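The structure appears below as structure tokens.
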Amino acid sequence: MIMQKIQKVAETFSGYTFRDGIQSSDAGELKVIQAKNIEELTDLKVLISVERFPNDEKYFLRNKDILIISKGMTNTVNMLNLDSNDKFVIASAAFIIIRANKDIVDPSFLTWYLQLPETQELLKSFQRISTVPNLSIKAILDLNIPILPMEKQQKLGQLHQLHQKRKHIHSILEKKRSTLIDMQLLNILKDE
């Protein structure tokens, strides 16, 4: 199996730093992904909007960009699925963004690989320990990933996406089930 450093197969950069903090605005057209949004990148309506646009277009996220939380105890990874209406979306400075060269590596496959427990342990070992652990872009750039034939990458990536959807649906069902049980228990309490 061929291994390749991420720097050979993807562009990698940090999220946008808001010098004065993120100032929410109902009139803003620019959506901002914050660390708290990493698990739910399927519904961009929950993102806050801001008016101030970055000067550099590289910060505007594209479909299938991979986001990694770089600050904190966990380096959660998720892939962004944008539609054509989502033109102005950026990630905050809490993220490292990986934009895969889709001719070499499938973004879904790369997301799956970065989410593997073994890869997460490796990323954790690369963190610089300070008050808040920090994962550097250099650590990501130097990370070796397997380069499989594209067809295999796509199959693994598709299986991973289906698994993620199943987990998401299961989570929604569990929340609804819990709400239903709570309502039934409250109704029993009211009847007493």
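The numbering of the sequence shown is the working numbering, which starts it at 3 and goes up by one.
For glycine and all other residues, C-beta sits at the position ideal for the given N, C-alpha and C.
Note that the coordinates shown come from a computational prediction; the quantities given were computed from them, not determined experimentally.
Counting only unbroken stretches of 3 or more residues, the beta strand (DSSP E) elements lying wholly within the stretch 97-127 are 97-102, in sequence order.
In the DSSP assignment, residue 192 forms no beta bridge with any residue. At a Cβ-Cβ threshold of 8 angstroms, residue 19 and residue 68 do not count as neighbours. Annotated three-state conformation of residue 138 is coil, per DSSP.
Per the C-alpha coordinates, the member of 126, 168, 3 and 90 positioned closest to residue 60 is 90.
Linking residue 140 to residue 156 through their CA atoms gives a straight-line distance of about 27 angstroms.
The beta carbon of residue 121 sits closer than 7 angstroms to the beta carbons of 115 from its chain, once the five residues preceding and following it are set aside; these are given in chain order.
Cβ-Cβ distances below 7 angstroms link residue 33 to 46, 49, 51, 90 and 91 in the same chain, with the five nearest sequence neighbours on each side left out; the list follows chain order.
Shortest Cα-Cα distance from residue 31 to any of 62, 81, 175 and 148 involves 62. In the three-state reduction of the DSSP assignment, residue 3 falls in the coil class, being assigned neither a helical nor a strand state. Here residue 50 carries a strand assignment [DSSP, helix/strand/coil].
Around the beta carbon of residue 39, 16 or more other beta carbons lie within 10 angstroms, which makes this residue buried. By the neighbour-count criterion, in which a residue is buried when 16 or more other Cβ atoms sit within 10 angstroms of its Cβ, residue 94 is buried. For residue 10, the enclosing alpha helix (DSSP H) starts and ends at 8-11. The shortest C-alpha to C-alpha distance from residue 36 to any of 82, 188, 4 and 144 is the one to 82. Residue 110 is a Cβ neighbour of residue 162, given a cutoff of 8 angstroms. Taking one beta carbon from each stretch, the stretch 176-194 and the stretch 131-147 have fewer than 3 pairs nearer than 8 angstroms; the two do not touch. Straight across, the Cα-Cα distance linking residue 181 with residue 150 is about 44 angstroms. Between residue 137 and residue 118, the C-beta gap is not smaller than 8 angstroms, which leaves the two residues out of contact. A straight-line Cα-Cα distance of about 17 angstroms links residue 24 and residue 58.
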